[in-house]
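Only one structure is covered here, and it is reproduced in the block below.
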Amino acid sequence: MNPIVSIVGRPNVGKSTLFNRIAGAPIAIVEDLPGTTRDRIFADVRVLDNEITLIDTGGLEPLPGSEMSRKIKKQVEAAIAESDFIIFVVDVRDGLIAADKEISDNLRKLGKPVVLAVNKAETEKLRGSCSEFYQLGLGDPLPISAHHGKGINELIEALVKQLPPPTEAVEDSGKPKLAIVGRPNVGKSLLLNAIVGADRSIVDATAGTTRDATDTMVRYKDKDIVLIDTAGIRKRGKTGRGLEYYGLVRSLRAINRCDVALLVMDASEFIAAQDTHIAGYIKEACKGIVLIINKWDLADADSQDDYVALVDKRMKFIAHAPILFVSAITGLGVKNVLPIALEAWSERQKLLPDGVIDRLIKDAVAAHAPPPKGTKRLLVFRAYQGSSNPPSFTFLVNDPQLVHFSYERYLENRLRQTFGFSGTSLKLVFKKASKKGGKSGGKIP
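So, in structure tokens, the structure goes:
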């Protein structure tokens, strides 16, 4: 599972700018005003061949005055408590102030690995001023400029040196792992209880009753299955209490840990924006997915076609996901959950011969050539399946930068049309081939 790395510090020291710099995309809102980032933003990031989950937090004020500041403080404290590693950001232009000292005192008490980033150190003179931050007792202060990209490589190297090794649940490595995920109060724990036939999780009408991810072992047709029940994933900006944030991180960890995610949605609310957000995270994590439309006993039984059409419209990026209509309370459709989830798990185990994949992809390219990009065109020299669970395919090409997302989707669709892979995400990797693959280098005559 990915180590969790949280960026913390006072308001307006440049945490969101640093988050965007490391993540490589403008994900966090950045304004020159204190308190702009009022909730955490997550990104799975690869740094020096290490996968991490990076968290941008709101500004931490040791003695917050407003109600909003107090909520942010609780959220950030929850982020720190659940994190494996902390990047503590200070502002060299402000110098060492009492608030930084108080935050550093709290960080030292936790005993977690911390790297001290002194931001806004663009000039040699400002970099020389960083020495005063040795007083914080958090090791060598690293001068950086998140805005200009200076010192970021050194920061990442310091981060990677202290990262904990990846953890794996070796004892469950051969067992299918299914995570029950979704927004709060959509019936996840009720669904778990209906599947196992016993009250194994606390069920309450109050949203967010389940705070931790809980594993339940189930035996189905001579196969042991691990069911992971999680706290609900709330929409950003609505995770006001530390416990809710703790549950959110547990949910993200569960998605990263599972083979197939059962995304539970509330039939009475149709498809909420947050359902789409969770589905996107599952796809990005390359997991299997089954859409569970719960509380179907409260819906119009004749409206299934309308619901499927809406899923196709709003979640076209997971067109491979099977859809089940169930009622955890009445038991409607519950018997189909495990068989369908295990089919998705089985599809993830497929490993096809290299020659078969290579012929299919070359036929696909011949039937529909990649669009040109300026004076160049993508050339695919070889394709093969590198691994399973998730099914991963490697394409040796003349220039990976020439791969358009629409053409990547076309190749993925051809793989699905020929080999199935229902219910699971596919991972497509494009690598630069050696020059012997083609003489023209992809240039259009």
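Whatever position you read off the sequence shown (first residue = 1), add 2 for the numbering used here.
For each residue, glycine too, the CB sits at the ideal point set by N, CA and C.
With distance defined between alpha-carbon atoms, name the residue in the options nearest to residue i.
i	options	result
R221	L193, I325, K179	K179
N14	A148, R110, I88	A148
A119	L112, G151, G113	G151
I6	R384, K111, E126, Q164	Q164
K433	I291, D226, Q403	Q403
G176	F421, I291, R23, K225	K225
E79	G61, V91, V92, R95	G61
S270	E124, I146, V188, L293	V188
E410	A385, N22, T216	A385
I363	V382, Q351, P355, A311	V382
D307	G290, L229, L326	L326
Q387	S436, L428, I146, P374	L428
D261	L229, I280, A275	L229
L334	L109, I197, K17	I197
What separation, rounded to the nearest whole angstrom, lies between the Cα atoms of residue i and residue j?
i	j	result
P372	T396	17 Å
S389	L353	7 Å
A256	V47	17 Å
E349	N195	26 Å
I273	S424	21 Å
R42	S305	The pLDDT assigned to R42 is 42, lower than 50, so where the model puts this residue is not dependable; a value taken from the coordinates is nonetheless given after this. C-alpha separation (whole angstroms): 37 Å.
L430	E414	8 Å
T332	N296	11 Å
V117	V92	11 Å
V405	E53	23 Å
G130	D277	49 Å
L20	L300	47 Å
G37	A160	Residue confidence is low: G37 scores 47 on pLDDT, short of 50, so the model does not pin down where it sits. Its coordinate-derived value is still stated next. One C-alpha to the other measures close to 28 Å.
K190	S8	28 Å
G244	F44	Caution is warranted here: a pLDDT of 40 is assigned to G244, below 50, making its placement in the model unreliable, and the coordinate value is therefore given only provisionally. The straight-line gap from Cα to Cα measures roughly 16 Å.
L192	V10	37 Å
D217	S133	48 Å
T426	I284	10 Å
I89	N258	22 Å
D302	M219	34 Å
L98	P145	14 Å
V84	T55	With the sequence shown as reference, residue 84 is identified as Glu, and Val is not the correct amino acid for it. About 12 Å.
D365	H322	22 Å
In this structure, what does DSSP give as the bridge partners for residue i?
i	result
V10	F90
L2	The shown model of the chain, from 3 to 447, leaves out residue 2, and the question about it has no answer.
K190	K190 is not bridged to any residue.
V183	L265
V49	N52
F44	I57
Within the continuous beta strand (DSSP E) that includes residue i, where are the two ends?
i	result
Y283	Careful: Y283 lies outside any beta strand (DSSP E), inside the alpha helix (DSSP H) at 275 to 286.
Y386	382 to 389
R221	216 to 222
I227	225 to 231
So the alpha helix (DSSP H) residue i belongs to, where does it begin and stop?
i	result
V313	306 to 316
N155	154 to 164
Open item on the list: Runs of 4 residues minimum, wholly inside the region 357 to 437: which ones carry the alpha helix (DSSP H) assignment?
Closed with: For the region 357 to 437, whole alpha helix (DSSP H) runs of length 4 or above, ordered along the chain, are 407 to 421.
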